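Residue numbers (numbering that gives the first Met the number 0): 0 to 409.
Below is one structure, written out as structure tokens; the observations come after it.
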Amino acid sequence: MNIKQIDGGITVSKGFSTWGLRAGIKPGKTNRDMAMIHTSAPATVAGVFTLNKVKAAPVKWDSSVVKSGEKVGAVVINTGFANACTGEQGLSNARATASLAASLLELKAENVLVASTGVIGGQLPMDAIENGVRQLVPALSTGIEADSLAAEAIMTTDTRPKKIAFEFELGGKVCHMGGMCKGSGMIHPNLGTMLCFIGTDAAIDKALLQKTLSEIADDTFNMVSVDGDTSTNDSVLVMANGLAGNAEITAEGSDYDTFREALYETLKYLSMRIAEDGEGATKLFEVTVNGAATKKDARLLAKSVVTSSLTKAAIYGRDANWGRILCAMGYSSADFDPDMVDISFISENGELVIVKDGIAAGYSEEKATEILSAPKVSALIDVHDGEFSATAWGCDLTHAYVDINADYRS
């Protein structure tokens with residue numbers, strides 16, 4: 000499949016424009032705090048959302064739009080306040096935000112998605128939100144600057160913006176897919192992760208788009224963990240406006256396979272960027288499990304290891320404490336034989352087998368420390384029980400994580 004990474008973000012796709020700016024949602028701050036995405040042609044939309052029972056107002060609004068079958072023309076995003084645990088007023092504010100953007104863009108409120116991130120419990124300062132919407136509409140643009148400003152404007156504790164773009168071909172037509180996301184803390188998703196927005200100019204059937212997104216989320220965003228907390232606002236939204244001119248994908252086949260691979264690469268890339276930018280993190284920690292009896296077992300094992308606080312702390316300390324890895328596997332509820340497990344650590348500094356058949360492999364502690372000192376560390380685990388594999392992404396657990404979250408509201 001000829002899928003090529005290119006410079007840019009969501010506006011590489013025909014018809015998509017975006018911008019990010021400071022609306023002044025939190026007084027005394029200087030960060031950009033609002034962004035908008037617009038598509039000139041109505042887009043088919045699919046979404047996956049948090050399974051946390053405490054759902055933010057934007058999640059409730061967006062999930063109803065996705066389920067309704069309405070096409071969408073815009074997304075309005077704010078940081079500062081999550082608009083979660085805000086009751087009927089929160090829902091009213093989400094609706095009002097969508098309605099204002101719709102009136103300025105000549106759409107219906109049901110054609111506009113909204114997303115919020117930030118502190119739980121506070122009502123949105125609607126004067127600032129409305130001011131932001133009114134500024135964003137005339138500022139909408141395309142290109143590297145627009146993509147960068149929008150990706151920056153959706154950050155909270157993130158240390159860097161996260162965006163990506165790909166080009167591929169469907170039925171002789173050149174198509175594009177671009178996206179951006181934010182996420183650094185409260186990352187342990189179930190169906191989505193924090194906020195992620197994907198735009199493509201390919202044409203694809205809504206039901207097929209939803210099926211594809213749901214499946215890929217399980218192998219990408221659902222395999223990320225920073226701190227074990229599932230957010231109230233987790234949302235992944237994919238919009239397809241069809242402006243590339245390809246024949247609409249309505250069934251599985253070669254075009255579907257190419258589209259699916261493009262979406263997988265997009266979500267995988269963004270998942271890894273979230274993991275490596277975990278709050279206070281110094282390392283990206285990748286865990287791959289091979290040889291599992293089922294896909295479910297492989298996923299459970301990989302994510303249990305990447306989520307283990309003790310393992311994450313050991314990775315931070317460059318300590319090859321493999322007992323913590325086996326322990327995390329043991330409480331994962333997956334089926335495996337501990338006496339068959341092999342574990343290796345891999346990084347740019349080398350590869351080292353540390354466990355063979357469930358016991359220590361007589362490795363060099365000095366070499367292990369050297370390998371664990373790299374900015375990306377991988378644990379390769381083989382349970383020798385089948386043909387299924389899974390990869391999870393996380394980060395180390397540092398003193399800075401506590402500092403960031405102890406002071407988050409201030």
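Even for Gly, the Cβ is constructed at its ideal location relative to N, Cα and C.
Predicted model only: the values in this text are computed from it and were never measured.
query                                                                                                                                                      : result
DSSP three-state call for Ser12: helix, strand or coil?                                                                                                    : coil
Looking at C-alpha atoms only, which residue of Pro374, Lys210 and Pro137 is the closest neighbour of Leu283?                                              : Pro374
So what's Ala81 in DSSP terms, helix, strand or just coil?                                                                                                 : coil
Is the region 213 to 223 touching the region 385 to 399, taking contact as three or more C-beta pairs under 8 Å?                                           : yes
In angstroms with no decimal places, state the Cα-to-Cα distance between Asp338 and Ala22.                                                                 : 58 Å
Name the residue from Gly277, Ile2, Lys366 and Ser115 whose alpha carbon lies nearest to the alpha carbon of Thr96.                                        : Ser115
Compute the distance between the beta-carbons of Ala152 and Met238, then report whether it is under 8 Å.                                                   : no
Counting only runs that start and end within the region 138 to 175, where is the beta strand (DSSP E) found for 3 or more residues in a row?               : 161 to 169
What whole-angstrom Cβ distance do Thr249 and Asp218 have, given they're in contact under 8 Å?                                                             : Rounded, the Cβ-Cβ distance is 23 Å, inconsistent with contact.
According to DSSP, which residues form a beta bridge with Thr43?                                                                                           : Ala239
Among Ala359, Thr17, Arg94 and Ala127, which has the Cα closest to the Cα of Leu148?                                                                       : Thr17
Just confirm the distance between the C-beta atoms of Ser377 and Ser346, as a whole number of angstroms; I'd bet it's less than 8 Å.                       : 7 Å
Which one or two residues does DSSP pair with Asn289 in a beta bridge?                                                                                     : Asp381
Going along the chain, which residues of its own chain have a beta-carbon closer than 6 Å to the beta-carbon of Lys311, five neighbours each way excluded? : Asp395 and Leu396
So Ile353 and Ile342 are in contact, right, with Cβ under 8 Å, and what is the actual spacing, rounded?                                                    : 5 Å
Where does Ala81 land, buried or exposed, given buried means 16+ other C-beta within 10 angstroms?                                                         : buried
Three-state secondary structure (DSSP) at Leu190?                                                                                                          : Residue placement at Leu190 is poorly supported in this model, since its pLDDT is 49, which falls under 50; the coordinates are not used for a value here.
With a threshold of 16 other CB atoms inside 10 Å of the CB of Pro137, please say whether the residue is buried or exposed.                                : exposed
Can you name the residues that DSSP bridges to Glu386?                                                                                                     : Partner(s): none; Glu386 has no beta bridge.
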